[in-house]
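As structure tokens, then:
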């Protein structure tokens with residue numbers, strides 16, 4: 006049981022292929038749900054997008070789900086790229102270097118995305 010929990014809370018970044026596979030599928034399912042919500046909620050914004058977007062993002066649920074979408078998409082894409090690195094890079098040093106570089110870039114992209122969305126939200130209030 007403790008081994009399962011340890012693998013579960015690695016969010017797919019462990020050396021275990023099952024954990025990676027599991028989190029890749031979970032993030033894909035979450036993206037389907039959140040993208041469906043996004044498409045459904047954006048259909049009301051089509052007329053004057055800029056003005057309506059500010060009204061839309063003021064809703065805390067929309068803000069939280071929008072930020073969650075960025076986190077999940079970045080996590081999913083990072084897992085996919087790590088899988089590509091594992092499959093196609095032969096050198097262990099290169100795998101480690103590209104893995105660290107990818108995780109660092111992903112972290113900063115998520116941070117910048119959250120900061121930007123929060124900046125838009127705080128500017129409105």
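Numbering (my numbering), first residue to last: 6 to 130.
A virtual CB, placed ideally from N, CA and C, is assigned to each residue, including glycine.
The region 24 to 32 makes contact with the region 75 to 93: 3 or more CB pairs, one atom from each, lie closer than 8 Å. Linking residue 23 to residue 50 through their CA atoms gives a straight-line distance of about 40 Å. For residue 91, the enclosing alpha helix (DSSP H) stretches over residues 65 to 93. Excluding the 5 residues flanking it on each side, residue 115 has same chain C-beta neighbours closer than 7 Å at 75, 76, 79, in chain order.
Taking residue 122 as the centre and dropping the five residues before and after it, the same chain places the C-beta of 62, 68, 71, 72, 75 closer than 8 Å to its C-beta, in chain order. For the pair residue 104 and residue 83, the Cα-to-Cα distance works out to about 9 Å.
Residue state for residue 52 is assigned as coil, using DSSP reduced to three classes. For residue 104, the enclosing alpha helix (DSSP H) stretches over residues 97 to 129. Judged by beta-carbon spacing, residue 59 lies beyond the 8 Å limit of residue 117, meaning their Cβ atoms are not closer than that value.
Taking all protein chains shown into account, residue 87 has 16 or more neighbouring C-beta atoms within 10 Å of its C-beta and is therefore buried. Inter-residue distance for residue 44 and residue 57 is about 15 Å (C-alpha atoms, whole angstroms).
Straight through space, the alpha carbons of residue 53 and residue 41 are spaced by roughly 21 Å. Residue 85 holds the alpha-carbon nearest to the alpha-carbon of residue 27 among 97, 99, 91, 85.
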